[in-house]
Amino acid sequence: MFGSKYIKYLSDKTKNESFIDRLKIKFRPLIFPIELLLRQVNSGDTIFDIGSGSGQFALLAVHFKKVKEVYGVEIKQQLVLNANNLFKQHAKDVNYKFFQYDGGNLPKEINSATKIFLNDVLHHIPTTNQVAFLENIYNQMDANAVFILKDIDASSFYVYFNKLHDLIFAGEIGKELKFSDAIEILERIGFQILDTNRKNIAVYPHYTIICKKK
Ligand SMILES: C[S@@+](CC[C@H](N)C(=O)[O-])C[C@H]1O[C@@H](n2cnc3c(N)ncnc32)[C@H](O)[C@@H]1O
């Protein structure tokens, strides 16, 4: 089954999290292009995961790609606690730090990252702030770093399933962009697009854009 080895790995890694957070940690790989995202990671990378949730993606990068340095930022304190607990127990020989931040001013550690991930976070940012948020990443990342934007494609009818999902699990309606608009915005900011991928998994229309500074 798609994502099953990741689900298996994560299945005994949750303990004190809320029921919803446990569901998200364990079953996220089922509805998410996890293979594609992990393919962007090498063992020598320093990962900076923006909107790192409970740290499950970063933990998979540590376990399956042998990454040794991880930063994650989140706006929700409980998720930062979850991530730090997950790493304390299961990533003992890794340098890691998960921060709570204000959702806009990224900590300076972003410029030491070689791979920066924004996995399903952009559609949680108010539409009027999305371009500035991406510009901020561009301005702060290292010239040789790679930025991976993974989000949900508003040009697909299936976007409504994501809106329903977010309403149930996050209590909000997503502000998804069309894939073509995301490309245009990134290029206007100055990113060079290295690769793209669009893939429906279950009822979720994912797009992934891999880019770097020009
Ligand atoms: C759909 S979840 C994705 C979590 C994780 N990236 C993953 O793929 O499993 C969206 C996350 O973005 C976080 N978030 C929302 N606005 C944010 C912001 N401005 N900066 C960073 N994270 C944010 C939320 O707290 C939530 O954990």
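If you're matching positions, the sequence shown starts at 1390 in the working numbering and goes up one per residue. Where a beta carbon is used, it is the ideal one built from N, C-alpha and C, also for glycine.
Take residue i and list the residues in its own chain whose beta-carbon comes closer than 7 angstroms to its own, dropping the five residues that flank it on each side.
{"i": "G1444", "result": "G1461, N1471, A1472, L1475, F1476 and F1487"}
{"i": "D1410", "result": "S1443 and N1471"}
{"i": "V1451", "result": "V1459, A1480 and V1483"}
{"i": "I1598", "result": "L1538, A1571, I1572, L1575, I1582 and T1585"}
{"i": "F1453", "result": "L1427"}
{"i": "D1401", "result": "none"}
Apart from the five residues on each side of it in sequence, which residues of its chain come closer than 8 angstroms, Cβ to Cβ, to residue i?
{"i": "I1423", "result": "G1392, Y1395, R1417, F1446 and L1449"}
{"i": "Q1519", "result": "L1511, K1564, L1566 and I1574"}
{"i": "K1601", "result": "N1533, A1534, V1535, F1536, F1580, Q1581 and L1583"}
{"i": "F1561", "result": "First, the amino acid is wrong: residue 1561 is Glu here, not Phe. Correct list, in chain order: H1513 and D1555."}
{"i": "K1413", "result": "G1442, S1443, Q1445 and F1558"}
Let me see if you follow: with CB-CB separation under 7 angstroms, is residue i close to chain C or not?
{"i": "K1602", "result": "Looking for chain C here will not work: only one protein chain is present."}
What first and last residue would you give for the alpha helix (DSSP H) that runs through residue i?
{"i": "I1578", "result": "F1568 to I1578"}
{"i": "E1524", "result": "T1516 to Q1529"}
{"i": "I1409", "result": "F1408 to F1416"}
{"i": "K1394", "result": "S1393 to S1400"}
Look at the alpha carbon of residue i and the alpha carbon of residue j, and state the distance between them as a whole number of angstroms.
{"i": "Q1478", "j": "V1548", "result": "36 angstroms"}
{"i": "H1554", "j": "L1507", "result": "19 angstroms"}
{"i": "K1624", "j": "V1483", "result": "The structure shown does not extend to residue 1624, since the chain is modelled only from 1390 to 1603, so the question has no answer here."}
{"i": "N1589", "j": "L1538", "result": "16 angstroms"}
{"i": "I1526", "j": "Q1429", "result": "18 angstroms"}
{"i": "L1558", "j": "F1568", "result": "The sequence given here places Phe at residue 1558; Leu does not occur at that position. Roughly 23 angstroms between the two C-alpha positions."}
{"i": "L1399", "j": "L1426", "result": "17 angstroms"}
{"i": "P1515", "j": "N1431", "result": "32 angstroms"}
{"i": "F1604", "j": "Q1489", "result": "Residue 1604 lies beyond the range of the chain shown here (1390 to 1603); nothing can be said about it."}
{"i": "Q1467", "j": "S1407", "result": "10 angstroms"}
{"i": "P1594", "j": "I1505", "result": "22 angstroms"}
{"i": "L1419", "j": "K1603", "result": "34 angstroms"}
{"i": "S1545", "j": "F1421", "result": "16 angstroms"}
{"i": "D1540", "j": "G1440", "result": "12 angstroms"}
{"i": "R1587", "j": "N1551", "result": "15 angstroms"}
So, for residue i: in the same chain, excluding its five sequence neighbours on each side, which residues have a beta-carbon less than 6 angstroms away from its beta-carbon?
{"i": "I1464", "result": "G1492"}
{"i": "D1434", "result": "V1456, T1503 and K1504"}
{"i": "F1437", "result": "Y1460, I1499, A1502 and I1505"}
{"i": "D1542", "result": "F1568, P1594 and Y1596"}
{"i": "R1577", "result": "none"}
{"i": "V1469", "result": "E1463, F1487 and Q1489"}
Please report the residue range of the beta strand (DSSP E) in which residue i lies.
{"i": "Q1489", "result": "N1484 to Q1489"}
{"i": "V1430", "result": "Looking at the DSSP string, V1430 is not in any beta strand (DSSP E), and its letter there is neither H nor E."}
{"i": "V1456", "result": "Where V1456 is concerned, there is no enclosing beta strand (DSSP E), given that its DSSP letter is neither H nor E."}
{"i": "H1595", "result": "Y1593 to K1602"}
{"i": "K1539", "result": "V1535 to I1541"}
{"i": "D1438", "result": "T1435 to I1439"}
{"i": "I1557", "result": "Element bounds for I1557: not the beta strand (DSSP E) but the alpha helix (DSSP H), V1548 to F1558."}
Cβ-heavy atom distance between residue i and ligand 1 below 6 angstroms?
{"i": "K1486", "result": "no"}
{"i": "G1444", "result": "no"}
{"i": "G1492", "result": "yes"}
{"i": "L1510", "result": "Correcting the residue type first, residue 1510 is Val in the shown sequence and not Leu. True, at least one ligand heavy atom lies under 6 angstroms from that Cβ."}
{"i": "R1417", "result": "yes"}
{"i": "H1513", "result": "yes"}
{"i": "F1440", "result": "According to the sequence as given, residue 1440 is Gly; it is not Phe. Yes, ligand 1 has a heavy atom inside 6 angstroms of this Cβ."}
{"i": "K1354", "result": "It is not possible to answer for residue 1354, since the shown part of the chain is limited to 1390 through 1603."}
{"i": "I1599", "result": "no"}
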